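The numbering of the sequence shown is numbering that gives the first Met the number 0, which starts it at 0 and goes up by one. Okay, structure first, notes after.
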Amino acid sequence: MENLILFFILIPITGFVASLIAPAKNERLISFIAFGTTGLTLISITCFTIIWMFNGAPSININEINLYSAHGYDFFIDLYFDKVTAVYLLFSSVLAYLIAVYSRYYMHRESGFKRFFNTKLLFITGINTIVLSGNFETLFIGWEILGLSSFLLIAYYRERYLPVKYGLKIYSIYRVADVGLLLAMWLSHHLWHENITFLQLNNAAMVNSHLHEHYFVGLIISLTIVMAAAAKSAQFPFSSWLPRAMEGPTPSSAIFYGSVAVHIGVFLLLRTYPFWSGQIEIKILVISIGIITAVLSSITAKVMSTVKAQIAYSSTAQIGLIFIEVALGWDNIALIHLSGNAFLRAYQLLISPSIVTYLIREQFFNFKPKTISQSSSRFKNSLYIIAMNEFKLDDFMYKILWTPLKKIGIFARFMNLKITVISTIALFIGSIILLNNNTQELNLSRFFIPEFIGFIAVIILLRSFVERKNAFKAWNYIFISHCWIVIAIGFNESFNLTDTLFYFGGIVPAFIFGLYFLKKLKTKETFDLNDFYGHSFEHKWLAFGFLLSSLALIGFPITTTFLGEDLLFTHIKEDQFFIATCVSVCYIVEGIAAIRIYSRIFLGPHKKSYHPVPLRDA
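Structure representation (structure tokens):
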């Protein structure tokens, strides 16, 4: 029976692959695959949960696949099933099936009908992987799949400016959450000296003993977890991204941002609660985030002019309350609350088009001007204006996160690509000679050489981040930053040749193929990075190929780069926060920079005037 858990991930994967093969014009077949996949997932999860409850609802942990083992480190897929898993799987599978039925008719005759269901099944795969994960590595696989599918769904109307812009912005926030999870994984390896499972975290005696000896490390892990959870669940100060996610189709808004995906941050807190529950500072922080979010989002929801924005802020307010419940240890209440919130928001979003139509009709036939009260206080008026501006959270996040990075990147514009390439080759050859001559015995980390090289890797990457003209330059800078990261780790610890080849085995082919697709497109079209060009309209296969290359280059779980990233972190010591931060920032900004190149070139309004703007097929 326990082995059936793996099928909850394999079923949506199979459906996803089948939907990719299906002809784009055959809506009946595509919808049948979606119905069958979501229906079979729902039935199997329901039956399994019933049997599991009759057997006493035990916690089930399965170490399924050991992907890689080296020098005492194991990267394995671990699955875990308990009451939290059961609740999340049940409500997500019910909503996935209902919305699949709804989408069949809502998305009828859309040019991206197949693309929508492809992404929907990919999303379900990511959600099920996260929920069933038994360790951080498995969770991160689903985490990355969820981030990609979210971007694709928000930017579903890829011929329009705002969906593409907001899709890229929200993907950037998701990458911030990735930083938190990456650092938590890295520090956990050093804290436990093994790949810890969530089942092992339930051992209170073991957790308390480790935290007693390494209190500061445990505190940093908890802070990174809270940051990742807050970013993923649109909590303060990340609340402003959720209304902008509503640019996608109504069905995607219903299942992804209104109901399922936005609760993943709560899941992360619930899953790691045994670890941080004894840290009073973290509990106060989670409660504070929940209170601030609930208050600000409730006020903002009352003044929003669109139905979807009202629903979005209402949802974040409720999730803020769920954060408080989790921090107080009321896990059962939190599970009931999030299930009810998920179903309510899904229902509200699905009927939102009808509500808008009704309100328009009502205003047209029965319009009556409202009497405006002149007795409003100055405080209420000020609060109204501030709430209309969403408490400037979007501007705040831009100034705190992106403005500093852009300023550094602009400062680094003096870097010439040719000089950068030459210096990279020279440094790479020199590092190989030094390391082969056993000069690592000199303990080069004492001279801050790894830290310096890691910092240069960040600078090179930010140079790509701010590149506005030449897409080839931006693409090359991303690859070069990878090389500097490897060199930094090589100087930090004896990073052997096998690990290096394992890492480069993913990024080198991705880099070469990406260059090929860009040069292929250059022979047919003109483009830069200063605007959106929408070339996917005429060059779908080039767009698809470059997207795959971008994903492989940034460490998506389809290449060895993903495992290589985790391997690199094992060579960073627990007290080397600076270089760990540099590597984490590189991985995150690499993702943003690569997807930005893809979005600018292949998404957005068509630049050719003789093409009609596709909305719905005739």
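Ideal Cβ placement from N, Cα and C applies to all residues, glycine included. All values reported here derive from a predicted model rather than from experimental measurement.
Over the uninterrupted alpha helix (DSSP H) stretch that includes residue i, give me the two end residues.
{"i": "Lys700", "result": "Residue 700 is absent from the model: the chain starts at 0 and stops at 617."}
{"i": "Gln601", "result": "Rather than Gln, the amino acid found at residue 601 in this sequence is Phe. Run containing Phe601: 576-601, per the alpha helix (DSSP H) assignment."}
{"i": "Ser296", "result": "279-302"}
{"i": "Phe555", "result": "Looking at the DSSP string, Phe555 is not in any alpha helix (DSSP H), and its letter there is neither H nor E."}
{"i": "Met396", "result": "392-396"}
{"i": "Met387", "result": "377-387"}
{"i": "Asp565", "result": "559-569"}
{"i": "Leu19", "result": "6-20"}
{"i": "Met52", "result": "26-53"}
{"i": "Pro248", "result": "Where Pro248 is concerned, there is no enclosing alpha helix (DSSP H), given that its DSSP letter is neither H nor E."}
{"i": "Asn469", "result": "Looking at the DSSP string, Asn469 is not in any alpha helix (DSSP H), and its letter there is neither H nor E."}
{"i": "Ser314", "result": "306-326"}
{"i": "Ile458", "result": "448-464"}
{"i": "Leu267", "result": "263-270"}
{"i": "Gly408", "result": "402-410"}
How should residue i be labelled, buried or exposed, when 16 other C-beta atoms within 10 angstroms of its C-beta is the threshold for buried?
{"i": "Asn207", "result": "exposed"}
{"i": "Phe395", "result": "exposed"}
{"i": "Leu500", "result": "exposed"}
{"i": "Pro22", "result": "exposed"}
{"i": "Asn127", "result": "buried"}
{"i": "Tyr104", "result": "exposed"}
{"i": "Trp474", "result": "buried"}
{"i": "Val86", "result": "buried"}
{"i": "Cys46", "result": "exposed"}
{"i": "Arg377", "result": "exposed"}
{"i": "Tyr156", "result": "buried"}
{"i": "Ser296", "result": "buried"}
{"i": "Glu193", "result": "exposed"}
{"i": "His211", "result": "exposed"}
{"i": "Glu440", "result": "Unreliable positioning characterises Glu440 in this predicted model, as indicated by a pLDDT of 48, which lies under 50. A coordinate reading is not provided."}
{"i": "Arg159", "result": "buried"}
{"i": "Ser304", "result": "exposed"}
{"i": "Asn491", "result": "buried"}
{"i": "Leu614", "result": "Residue placement at Leu614 is poorly supported in this model, since its pLDDT is 47, which falls under 50; the coordinates still yield a value, given next. Result: exposed."}
{"i": "Thr438", "result": "With a pLDDT of 48 at Thr438, under the threshold of 50, the modelled position of that residue is not reliable, and the figure given next carries that caveat. The residue in question, Thr438, is exposed, as its Cβ has fewer than 16 Cβ neighbours within 10 Å."}
{"i": "Lys282", "result": "buried"}
{"i": "Phe447", "result": "exposed"}
{"i": "His262", "result": "buried"}
{"i": "Phe266", "result": "buried"}
{"i": "Gly339", "result": "exposed"}
Who does residue i pair with in a DSSP beta bridge?
{"i": "Thr196", "result": "Asn134"}
State yes or no: is the C-beta of residue i within less than 7 Å of the C-beta of residue j?
{"i": "Ala253", "j": "Ile224", "result": "no"}
{"i": "Gly277", "j": "Ala228", "result": "no"}
{"i": "Ile484", "j": "Ser430", "result": "no"}
{"i": "Tyr96", "j": "Thr37", "result": "yes"}
{"i": "Ile477", "j": "Ala551", "result": "no"}
{"i": "Trp142", "j": "Phe568", "result": "no"}
{"i": "Val130", "j": "Leu88", "result": "yes"}
{"i": "Thr124", "j": "Pro250", "result": "no"}
{"i": "Ser91", "j": "Leu41", "result": "no"}
{"i": "Gly504", "j": "Pro604", "result": "no"}
{"i": "Ala293", "j": "Gly319", "result": "yes"}
{"i": "Glu175", "j": "Ala230", "result": "In the sequence as displayed, the identity of residue 175 is Val instead of Glu. Contact flag set, yes."}
{"i": "Ser18", "j": "Leu120", "result": "yes"}
{"i": "Glu246", "j": "Leu161", "result": "yes"}
{"i": "Ile323", "j": "His336", "result": "no"}
{"i": "Asn60", "j": "Gly133", "result": "yes"}
{"i": "Cys460", "j": "Cys585", "result": "One detail in the question is off: residue 460 reads as Leu in this sequence, not Cys. Against a cut-off of 7 Å, the Cβ pair of Cys585 and Leu460 comes out as a contact."}
{"i": "Trp275", "j": "Ser221", "result": "yes"}
{"i": "Glu573", "j": "His209", "result": "no"}
{"i": "Leu528", "j": "Glu466", "result": "yes"}
{"i": "Leu241", "j": "Ala311", "result": "yes"}
{"i": "Glu389", "j": "Ser239", "result": "yes"}
{"i": "Ile458", "j": "Ala411", "result": "yes"}
{"i": "Phe235", "j": "Ile290", "result": "no"}
Can you find a CB in chain D that lies within less than 7 Å of the CB of residue i?
{"i": "Asn117", "result": "No chain D is part of this structure, which consists of one protein chain only."}
TODO: Could you pull out every unbroken alpha helix (DSSP H) segment of at least 4 residues lying fully inside the segment 180-239, listed in chain order?
DONE: 197-200, 203-212, 214-231
TODO: Can you check the segment 58-123 for any alpha helix (DSSP H) of at least 4 residues that lies completely inside it and give the ranges in chain order?
DONE: 82-105
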